[in-house]
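Just below is one structure, and these are the notes that go with it.
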Amino acid sequence: MDFHRALRKGDRFSVVYETLEGDGEPMRAGRVLSAEFVNAGKPFQAMWFKDPVAPGKGGYYTLAGESLRRAFLASPLEFSRVTSGFKMRFHPILQTWRAHLGVDYAAATGTPVRSVGDGTVDFAGVQGGFGNVVMVKHRNNQTTVYAHLSRINVKKGQNVSQGQNIGAVGATGWATGPHLHFEFRVNGVHHDPLTIARQSEAVPVSTAAKPLFDKAAQSVRAQLASAAQLTPGSAE
């Protein structure tokens with residue numbers, strides 16, 4: 001939602017949050033546990049939930065169980081510039097035209113590389129032209145590949161969460177300079193990572209955790225209803 005344009009007079013919001021205390025005295029506000037924003041009469045609600053089944057540190061969901069974040073980040077680097085896309089190109093080392101099955105990001109050696117989604121490390125080590133490479137297996141037979149790393153920070157079999165640091169940009173393997181080669185595969189077939197990022201869906205609460213989530217959501221609805229009875233914050 002664009003809060004610069006969407007706000008209307010009479011809109012209101014309610015927030016339920018943790019209060020961190022020391023020696024019985026409140027010290028500071030903690031995590032936001034739930035919130036409701038009513039925009040032009042339409043309510044938008046969200047709650048914090050840690051899925052005990054899925055890897056990760058928890059996140060925010062609608063009260064129907066839909067995550068407020070997408071399955072994959074737009075980029076494995078916080079700041080990046082694409083230097084070679086998913087297309088045919090002249091390979092600088094092999095000196096021949098061939099399909100470039102991923103995306104190259106320009107970045108300095110040592111730049112942190114993050115997993116674009118939750119998953120399990122399927123490979124972490126040296127592999128041919130990739131040099132130091134990490135492969136992360138996600139749900140629905142999806143795999144992401146992070147190559148030419150100068151450092152690997154994870155091990156095979158390790159669960160990783162979206163945004164977690166898994167290594168650092170380097171120039172190992174067939175690389176003419178420091179950069180990150182990033183691939184996205186579905187059932188072993190290469191897809192354009194930039195397209196996948198734009199089309200990725202939100203990750204729902206796991207089926208196993210849904211009963212626990214629904215119980216928590218019921219409590220949140222009651223909390224937000226009570227919070228709405230207090231002096232509300234509103235747009236004038």
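So in the UniProt record's numbering, spot 115 of the sequence shown is number 115, and the numbers just go up one at a time. For every residue, glycine included, the Cβ atom is placed at its ideal position computed from N, Cα and C.
In angstroms with no decimal places, state the Cα-to-Cα distance between residue i and residue j.
i           : j    : result
K7          : A225 : Residue identity check: residue 7 is Leu in the sequence provided, not Lys. When rounded, the distance between both Cα atoms is 21 Å.
residue 255 : G173 : Residue 255 lies beyond the stretch modelled for the chain, which goes from 1 to 236, so this question has no answer here.
Q223        : S34  : 8 Å
A209        : E78  : 31 Å
A175        : A228 : 58 Å
S14         : G131 : 51 Å
L149        : G177 : 11 Å
G125        : F49  : 34 Å
D214        : T83  : 45 Å
A147        : L212 : 39 Å
V134        : G22  : 43 Å
DSSP three-state label for residue i, please.
i    : result
K215 : helix
Q158 : coil
R139 : coil
L230 : coil
R70  : strand
Q45  : strand
V220 : helix
G119 : strand
G128 : helix
T19  : strand
A40  : coil
Does the distance between the C-beta of residue i and the nearest non-hydrogen atom of the ligand SAH fall short of 7 Å?
i   : result
A64 : Looking for the ligand SAH in the displayed structure turns up nothing, as the structure carries no ligands at all.
Check whether the Cβ atoms of residue i and residue j sit closer than 8 Å, and answer yes or no.
i    : j    : result
A40  : Y61  : no
T144 : V103 : no
N165 : R114 : yes
P76  : F182 : yes
R70  : A106 : no
L151 : G128 : The sequence given here has Arg at residue 151, not Leu. Going by C-beta atoms, R151 is not nearer than 8 Å to G128.
Would you call the region 188–195 and the region 25–34 in contact, with 3 or more CB pairs under 8 Å?
no
Does the region 121–141 come within contact of the region 152–164, defined as at least 3 CB pairs closer than 8 Å?
yes
Does the region 61–69 come close enough to the region 201–208 that 3 or more CB-CB pairs lie under 8 Å?
yes
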